[in-house]
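**Student:** Chains as they are written, first to last, in my numbering: chain A, 1 to 197; chain B, 198 to 394; chain C, 395 to 591; chain D, 592 to 788.
Note that CB positions come from ideal geometry on N, CA and C, so glycine has one too.
Remember, it's a predicted structure, so these values are computed and weren't measured experimentally.
Quick one: the structure is below, and I'll ask about it shortly.
Protein chains: 4
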Amino acid sequence: MGRKSIREQRRKEILEALYRCLLRKPYSETSIKDIGMEAGINHAMLHYYFRSKEDILLCFIDSISERYSALFRHDLKKIERKDLTRREILKHVFHFMNTHITTDKKLQTIFVEIWGIAIYKPAVHARVKKMYSEWIRELAGFMKPSNGAAADIDSLAMAVVAFQEGVGLFSVSFDLKKKDTMALMEAFQEKILEMLE
Amino acid sequence: MGRKSIREQRRKEILEALYRCLLRKPYSETSIKDIGMEAGINHAMLHYYFRSKEDILLCFIDSISERYSALFRHDLKKIERKDLTRREILKHVFHFMNTHITTDKKLQTIFVEIWGIAIYKPAVHARVKKMYSEWIRELAGFMKPSNGAAADIDSLAMAVVAFQEGVGLFSVSFDLKKKDTMALMEAFQEKILEMLE
Amino acid sequence: MGRKSIREQRRKEILEALYRCLLRKPYSETSIKDIGMEAGINHAMLHYYFRSKEDILLCFIDSISERYSALFRHDLKKIERKDLTRREILKHVFHFMNTHITTDKKLQTIFVEIWGIAIYKPAVHARVKKMYSEWIRELAGFMKPSNGAAADIDSLAMAVVAFQEGVGLFSVSFDLKKKDTMALMEAFQEKILEMLE
Amino acid sequence: MGRKSIREQRRKEILEALYRCLLRKPYSETSIKDIGMEAGINHAMLHYYFRSKEDILLCFIDSISERYSALFRHDLKKIERKDLTRREILKHVFHFMNTHITTDKKLQTIFVEIWGIAIYKPAVHARVKKMYSEWIRELAGFMKPSNGAAADIDSLAMAVVAFQEGVGLFSVSFDLKKKDTMALMEAFQEKILEMLE
DNA sequence: CATGAATGAGTTTTCATTCAT
DNA sequence: GATGAATGAAAACTCATTCAT
Numbered sequence: 001m002g003r004k005s006i007r008e009q010r011r012k013e014i015l016e017a018l019y020r021c022l023l024r025k026p027y028s029e030t031s032i033k034d035i036g037m038e039a040g041i042n043h044a045m046l047h048y049y050f051r052s053k054e055d056i057l058l059c060f061i062d063s064i065s066e067r068y069s070a071l072f073r074h075d076l077k078k079i080e081r082k083d084l085t086r087r088e089i090l091k092h093v094f095h096f097m098n099t100h101i102t103t104d105k106k107l108q109t110i111f112v113e114i115w116g117i118a119i120y121k122p123a124v125h126a127r128v129k130k131m132y133s134e135w136i137r138e139l140a141g142f143m144k145p146s147n148g149a150a151a152d153i154d155s156l157a158m159a160v161v162a163f164q165e166g167v168g169l170f171s172v173s174f175d176l177k178k179k180d181t182m183a184l185m186e187a188f189q190e191k192i193l194e195m196l197e
Numbered sequence: 198m199g200r201k202s203i204r205e206q207r208r209k210e211i212l213e214a215l216y217r218c219l220l221r222k223p224y225s226e227t228s229i230k231d232i233g234m235e236a237g238i239n240h241a242m243l244h245y246y247f248r249s250k251e252d253i254l255l256c257f258i259d260s261i262s263e264r265y266s267a268l269f270r271h272d273l274k275k276i277e278r279k280d281l282t283r284r285e286i287l288k289h290v291f292h293f294m295n296t297h298i299t300t301d302k303k304l305q306t307i308f309v310e311i312w313g314i315a316i317y318k319p320a321v322h323a324r325v326k327k328m329y330s331e332w333i334r335e336l337a338g339f340m341k342p343s344n345g346a347a348a349d350i351d352s353l354a355m356a357v358v359a360f361q362e363g364v365g366l367f368s369v370s371f372d373l374k375k376k377d378t379m380a381l382m383e384a385f386q387e388k389i390l391e392m393l394e
Numbered sequence: 395m396g397r398k399s400i401r402e403q404r405r406k407e408i409l410e411a412l413y414r415c416l417l418r419k420p421y422s423e424t425s426i427k428d429i430g431m432e433a434g435i436n437h438a439m440l441h442y443y444f445r446s447k448e449d450i451l452l453c454f455i456d457s458i459s460e461r462y463s464a465l466f467r468h469d470l471k472k473i474e475r476k477d478l479t480r481r482e483i484l485k486h487v488f489h490f491m492n493t494h495i496t497t498d499k500k501l502q503t504i505f506v507e508i509w510g511i512a513i514y515k516p517a518v519h520a521r522v523k524k525m526y527s528e529w530i531r532e533l534a535g536f537m538k539p540s541n542g543a544a545a546d547i548d549s550l551a552m553a554v555v556a557f558q559e560g561v562g563l564f565s566v567s568f569d570l571k572k573k574d575t576m577a578l579m580e581a582f583q584e585k586i587l588e589m590l591e
Numbered sequence: 592m593g594r595k596s597i598r599e600q601r602r603k604e605i606l607e608a609l610y611r612c613l614l615r616k617p618y619s620e621t622s623i624k625d626i627g628m629e630a631g632i633n634h635a636m637l638h639y640y641f642r643s644k645e646d647i648l649l650c651f652i653d654s655i656s657e658r659y660s661a662l663f664r665h666d667l668k669k670i671e672r673k674d675l676t677r678r679e680i681l682k683h684v685f686h687f688m689n690t691h692i693t694t695d696k697k698l699q700t701i702f703v704e705i706w707g708i709a710i711y712k713p714a715v716h717a718r719v720k721k722m723y724s725e726w727i728r729e730l731a732g733f734m735k736p737s738n739g740a741a742a743d744i745d746s747l748a749m750a751v752v753a754f755q756e757g758v759g760l761f762s763v764s765f766d767l768k769k770k771d772t773m774a775l776m777e778a779f780q781e782k783i784l785e786m787l788e
């Protein structure tokens, strides 16, 4: 325990190397050799640990998806005993999204790139779609009132996530200050909370 | 007049060919030869009409920017004599954005791609940023009350455009129906209008 | 007339370079670069003139096929006015096969190689099969008696060609002297002629 | 006795794995890993049991050669007491060749491949040549009249084997029916028998 | 004996760009 | 203006072989 197999360790190192590479260059200009160099691993090994360059990207998306999923579940634990109102819980969820996802410029940079790739590569598209679907579904779960179901909550949840992504895009492109990005989102989220009452 | 120089005509054809190419393949996988073939022009000529492959992309972004700018100005003419309230004008502006930009899947597809390129290529980034800045500024102009200035109107305008882009992204990725995309945006825009009152 | 287009000239040079390469190394160990060097042409150009490495091989087979077909038709002209008996004509045909094909060690070397490739590559297989089918059909034409048709002439023709190929194989592998190879075939062919009477 | 050393057992398994691999892919496209996987043995072990990839092929040829040699000797035992004429014995020998070798499509497939390799690899060439020499010599032994020696019997034996190989080649390439292949050979062999009388 | 990891050289293929005609 | 030809660099991927454990 604690000692990971070399295989898993290397795979992880490669995925982290891809992360750092994507901060500098687009995926299409990032060669297998680049990733290998960044990871300090002979480039031929990347084909030993992964099926193909695309496979690396796919696993990378999964790893990101899992990382944030775990982070979110962990974050929820902090409030699970507190007996909060739906409004309070949602504020907490929004805050998580704002601080850990949308204002993380590195993450946003990489996701703008991945969205671009997803348009043309079906496998990537599937992964990305799945990831966002889960996010939207989860968010909708927190937004739904305990008593009855509201049909348009799903659309609302999608709107919220779409907005987050739009803001993430702009925060990267316009190099917005974290404070401003937060303000932008919080104002919008406040409106959403009102709509749910 | 009316007879464009052959140079301008050819340049336009090349730009339109790039548009069609980008519907099929990412920019990085679109070769100069592909664009040439699509345009029916020998690929060596593309370097005669443009400095480089990137120059084509840059001019392409400008052309899109100008096209929609012109389209918008033309659209405004329809209502310029009608003596509408700010609310009515804004609704009109939103409607233009919704129908001509955000729900145009081809356009959105290409812009998701361009956003991705813009992260890493400064020249592309500058063009894209300029284009969105103008859009935001223009929109803010319509949102500002005639009497006084509201400092946070600029943020609000950016929020609106960010939301549009987020929705555009999702409409492409989730292949949303035009009707649903419209509904998503109109609900949000209604809130914005309320906030301005 | 006489001035071939560069394209055709280059394609021919490349095919001839492949011929020389195949005398030294198997196709699988002959790289595009090797062929390019042998032809004195930058290796990237080979992909300009041909679709792929396999395409070069396919065209090569066709070129061989056409060359010998033309050579054979030309050879037949020598005897077309002479009003020979079927036996005499067949002897002439056999002689052509013996001297121009089966005892040409370079050609046989290359064809042993090509037979090997044909087993696994359907496109190559199709070309080779077509070539031999035509050869067998043509030969059967000369073997058929003018008055009536003999059903098993086709099998006999195939047997003759199979024998030629077997002898070609052995002449390469055992490095047989031309004289011996000829003797082997002529004895066999004599029997065939007897069978036809 | 009966219990083969593990080394010999593993070597045999590897050789059999190569046989199955060669039914699917040419030797040049068959990797050491492929053979290992097919044999259920770690690929690094193949270098423990054999010197190199080529060594495996060489041993494979030997194993085939020995297998058929043993099979043939075993087959001859069936008739050794029967006091047959030379003609009858030869018919038996031909029948063995026809049924066990030339119409065994898998075997022929592999041998077409091996012929191809033999042209360029001296070590392989030596093995193949040795194998066929033995076959021809053995066959010549059966063809020679007991009273005197006929100088050209050796050529005749080679012609017979060459014909078999030619037919084997064609039966694979033209996917001939076993029945037709048999008929082709038997007609030819009948002529040979006549020539020997 | 057995295994997974590692390496370096090699493969086919693509492409932006340039140039002679 | 227009074209086909040419180039050199780079890409993803494969593999026989070796080695540490």
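Can you name, in chain order, every residue of its own chain whose Cβ lies under 7 Å from the Cβ of residue 704(D), other than the five neighbours on each side?
**Tutor:** So the list reads 613, 617 and 618, once near-sequence residues are dropped.
**Student:** Between residue 125(A) and chain B, is any beta-carbon pair separated by less than 9 Å?
**Tutor:** Yes, residue 125(A) counts as interfacial toward chain B.
**Student:** With a CB to CB cut of under 7 Å and the five nearest residues on each side skipped, what residues in its chain are close to residue 600(D)?
**Tutor:** none
**Student:** Just curious, the alpha helix (DSSP H) that residue 450(C) is in, first and last residue?
**Tutor:** 447-471
**Student:** In whole angstroms, give me the CA-to-CA distance for residue 365(B) and residue 451(C).
**Tutor:** 49 Å
**Student:** Which residues in the same chain have their Cβ closer than 6 Å to the Cβ of residue 611(D), if we skip the five residues on either side of it in sequence?
**Tutor:** 629
**Student:** Taking C-beta pairs closer than 9 Å, name the residues in chain D that residue 419(C) reaches, listed in chain order.
**Tutor:** By Cβ distance, chain D contributes 711.
**Student:** Rounded to the nearest angstrom, how far is the Cβ of residue 312(B) from that of residue 166(A), given a contact under 8 Å?
**Tutor:** The Cβ separation is near 11 Å, so there is no contact.
**Student:** Measure the alpha-carbon distance for residue 718(D) versus residue 604(D) and round it to whole angstroms.
**Tutor:** Cα-Cα distance, rounded: 21 Å.
**Student:** Could you work out which residue in 589(C), 445(C), 577(C) and 401(C) is closest to residue 493(C) when comparing CA atoms only?
**Tutor:** 577(C)
**Student:** I need the DSSP call for residue 137(A), collapsed to helix, strand or coil.
**Tutor:** If DSSP states are grouped into helix, strand and coil, residue 137(A) belongs with the helices.
**Student:** How would you call residue 594(C), buried or exposed, if buried means at least 16 neighbouring beta carbons within 10 angstroms?
**Tutor:** Outside the displayed range of chain C (395 to 591) lies residue 594(C), so it cannot be described from this structure.
**Student:** Look at the alpha carbon of residue 448(C) and the alpha carbon of residue 477(C), and state the distance between them as a whole number of angstroms.
**Tutor:** Straight-line measurement puts the Cα of residue 477(C) at about 45 Å from the Cα of residue 448(C).
**Student:** Start and end of the alpha helix (DSSP H) containing residue 435(C)?
**Tutor:** Careful: residue 435(C) lies outside any alpha helix (DSSP H) and carries neither H nor E.
**Student:** For the alpha helix (DSSP H) containing residue 489(C), list its first residue and its last residue.
**Tutor:** Bounds of the alpha helix (DSSP H) holding residue 489(C) are 480-490.
**Student:** Within 9 Å of any Cβ in chain B, is that where the Cβ of residue 128(A) sits?
**Tutor:** Interface residue, yes.
**Student:** Whole angstroms is fine: what's the gap from residue 539(C)'s alpha carbon to residue 497(C)'s?
**Tutor:** 28 Å
**Student:** Skipping 5 residues on each side, what residues in its chain have a beta carbon closer than 7 Å to that of residue 385(B)?
**Tutor:** 360
**Student:** Please report the straight-line C-alpha distance between residue 46(A) and residue 372(B), rounded to a whole angstrom.
**Tutor:** Answer to the nearest angstrom: the Cα atoms are 34 Å apart.
**Student:** How would you write the range of the alpha helix (DSSP H) that residue 771(D) sits in, first residue to last?
**Tutor:** 769-786
**Student:** Less than 9 Å between the C-beta atoms of residue 65(A) and residue 105(A), yes or no?
**Tutor:** no
**Student:** Show which residues of chain B have a CB atom less than 8 Å away from the CB atom of residue 109(A).
**Tutor:** From the beta-carbon of residue 109(A), the residues of chain B found nearer than 8 Å are 316.
**Student:** Could you tell me if residue 241(B) is buried or exposed, where buried requires 16 or more neighbouring beta carbons within 10 angstroms of its beta carbon?
**Tutor:** exposed
**Student:** Go ahead and label residue 6(A) buried or exposed: buried means 16 or more other beta carbons lie within 10 angstroms of its beta carbon, across all protein chains shown.
**Tutor:** exposed
**Student:** Do residue 15(A) and residue 69(A) have their C-beta atoms closer together than 9 Å?
**Tutor:** no
**Student:** Which residues mark the beginning and the end of the alpha helix (DSSP H) in which residue 279(B) is found?
**Tutor:** The continuous stretches of alpha helix (DSSP H) do not include residue 279(B), and DSSP gives it neither H nor E.
**Student:** Is it buried or exposed, residue 710(D), if we count other Cβ atoms within 10 angstroms and call 16 or more buried?
**Tutor:** buried
**Student:** Using 9 Å as the limit for Cβ to Cβ distance, is residue 704(D) near chain C?
**Tutor:** yes
**Student:** By a C-beta neighbour count over all protein chains shown, 10 Å radius and 16 as the cutoff for buried, is residue 602(D) buried or exposed?
**Tutor:** buried
**Student:** Looking at residue 784(D) and residue 682(D), is the spacing between their C-beta atoms short of 9 Å?
**Tutor:** Closer than 9 Å, so yes.
**Student:** Closer than 7 Å by beta-carbon distance: list the chain D residues that pair up with residue 484(C), in chain order.
**Tutor:** Here the premise fails: no neighbours, minimum Cβ distance about 17 Å.
**Student:** Report the CB separation of residue 700(D) from residue 763(D) in whole angstroms; it is logged as a contact under 8 Å.
**Tutor:** 5 Å
**Student:** Can you tell me whether residue 404(C) is helix, strand or coil according to DSSP?
**Tutor:** helix
**Student:** Would you call the CB atoms of residue 580(C) and residue 488(C) closer than 9 Å?
**Tutor:** yes
**Student:** So residue 585(C) packs on residue 782(D), CB below 8 Å; how close in whole Å?
**Tutor:** Yes, they are in contact, since the Cβ atoms of residue 585(C) and residue 782(D) sit about 5 Å apart, within 8 Å.
**Student:** Roughly how many angstroms separate the alpha carbons of residue 715(D) and residue 428(C), rounded to a whole number?
**Tutor:** Taking the Cα positions, residue 715(D) is about 23 Å away from residue 428(C).
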